[in-house]
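Residues in the sequence shown are numbered consecutively from 257, following this note's numbering.
The C-beta atom is built at its ideal place from N, Cα and C for all residues, glycine as well.
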Amino acid sequence: MPKYAQTADLNASYGDSVILRLADRDKSGAVDTAVIERVWASVDSVIDSHLATAGYTDIGNTVPPLLTAIAVDLAYEALHTGTIGDVAKDRANQARDTLKRIADGKLELGLPKDTVTTAKDSASPIAKPKPTSIMDGF
């Protein structure tokens, strides 16, 4: 199950018929579930990586509308196998820019602090491994 948006959110933003056209890869007249699941897994992973960089380890059960909008725009772009329109491309680029601003600490998610766990709040902080070299020990 996707974390940040649902297929209903995608349909609401872009229309059922448009999403069906993009996600019906076998031309059966129905959305290919495997296609949608792969897209959501990819989108979730992109968002997760940016949130982790910002120090968020758990946003709780409340998904900020900003993250839902980002997920929808990235998913819509990912569903395209050919040319994508300029507006959709711009929205996906804006979504990635927003994620970068979150990761860089320049944009807050707007969640109450008691509903969010960050790496700073965690009992065992996430440590980055020390870089190693093949020359270590010589």
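Cβ neighbour criterion (16 or more within 10 Å) applied to residue i
| i | result |
| --- | --- |
| ILE275 | buried |
| HIS306 | buried |
| ARG277 | exposed |
| ALA264 | exposed |
| ARG347 | buried |
| ASP360 | exposed |
| ASP370 | At ASP370 the pLDDT is 47, less than 50, meaning the model places this residue with poor confidence; the figure from the coordinates comes in the next sentence. By the 10 Å Cβ count, ASP370 comes out exposed. |
CA nearest to the CA of residue i, picked from the options
| i | options | result |
| --- | --- | --- |
| ILE358 | LEU335, VAL295, ILE326, ALA334 | ILE326 |
| ALA211 | GLY285, ARG277, ASP304, THR313 | The displayed coordinates of the chain run from 257 to 394. Any statement about residue 211 would go beyond what the structure contains. |
| ARG294 | TYR332, LYS356, VAL343 | TYR332 |
| THR337 | THR354, LYS259, SER269, ASP280 | ASP280 |
| THR354 | MET257, THR324, TRP296, GLY271 | THR324 |
Under the three-state DSSP convention, the category residue i falls into
| i | result |
| --- | --- |
| ASP329 | helix |
| ASP342 | helix |
| ASP265 | helix |
| LEU270 | Here the sequence assigns Tyr to residue 270, which means Leu is not the residue at that position. Note: TYR270 maps to helix in three-state DSSP. |
| ASP360 | coil |
| ASP314 | strand |
| ASP282 | coil |
| PRO258 | coil |
| PRO320 | coil |
CB contact flag (residue i, residue j, <9 angstroms)
| i | j | result |
| --- | --- | --- |
| LEU322 | LEU266 | no |
| VAL328 | SER269 | yes |
| PRO320 | TRP296 | no |
| LEU335 | ALA351 | no |
Closer than 9 angstroms to chain C by CB, residue i
| i | result |
| --- | --- |
| GLN262 | Of the chains in the structure shown, none is chain C; there is only one protein chain. |
>> For the structure I just gave you, are there three or more beta carbon pairs, one from the segment 282 to 298 and one from the segment 311 to 321, closer than 8 angstroms?
In response: no
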